[in-house]
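Mapping to this note's numbering: the sequence shown position 46 is 46, numbers consecutive.
Step one of this worksheet: look at the structure below.
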Amino acid sequence: KPIRGFSRVWTHEADVSERLGWPYAIEQAYTARVQGAQNMVFFELPNAQIIQFEASGDWHVIG
1 KPIRGFSRVW THEADVSERL GWPYAIEQAY TARVQGAQNM VFFELPNAQI IQFEASGDWH
61 VIG
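Shown next, in the form of structure tokens:
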């Protein structure tokens, strides 16, 4: 299970742990770049991939 700050949410919120599943690597702290647009938000991951989160709840790796 997660061992850092996310552990509390993952352990105490069953819907979170059920939706995310078991972690395959240790948590990693980083400063994310975030950009909002109409009905969506973009996050840059530590490996420079871009994730697009839509208002509908869908998300996509776009870069």
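For each residue, glycine too, the CB sits at the ideal point set by N, CA and C.
Every value quoted in this text rests on a predicted model; they were computed, and no experiment measured them.
(message) On the DSSP bridge list, what partners appear for Val61?
(response) The count along the sequence shown starts at 1 and reaches residue 61 at position 61. According to DSSP, which records beta bridges pairwise, Val61 is partnered with Ile51.
(message) By the DSSP assignment, the beta strand (DSSP E) with Glu64 in it spans what residues?
(response) What the structure shows of the chain is the stretch from 1 to 63, and residue 64 is not part of that stretch, so it cannot be assessed.
(request) Provide the residue span of the alpha helix (DSSP H) that contains Ala14, from first to last. (result) Here residue 14 refers to the residue found at position 14 when the sequence shown is read from its first residue. Ala14 to Leu20 is the extent of the alpha helix (DSSP H) around Ala14.
(request) Using only alpha-carbon positions, find the residue among Met40, Asp58 and Val34 that is nearest to Val48. (result) To locate residue 48, count along the sequence shown from 1; it is residue 48. Reading off the sequence, residue 48 comes out as Ala, not Val. Checked all of Met40, Asp58 and Val34; the closest Cα to Ala48 is Val34.
(request) Give me the Cα-Cα distance between Pro2 and Gln38, rounded to the nearest whole angstrom. (result) For this step, residue 2 is matched to residue 2 along the sequence shown. For this step, residue 38 is matched to residue 38 along the sequence shown. Rounded to whole angstroms, Pro2 and Gln38 show a C-alpha spacing of 33 Å.
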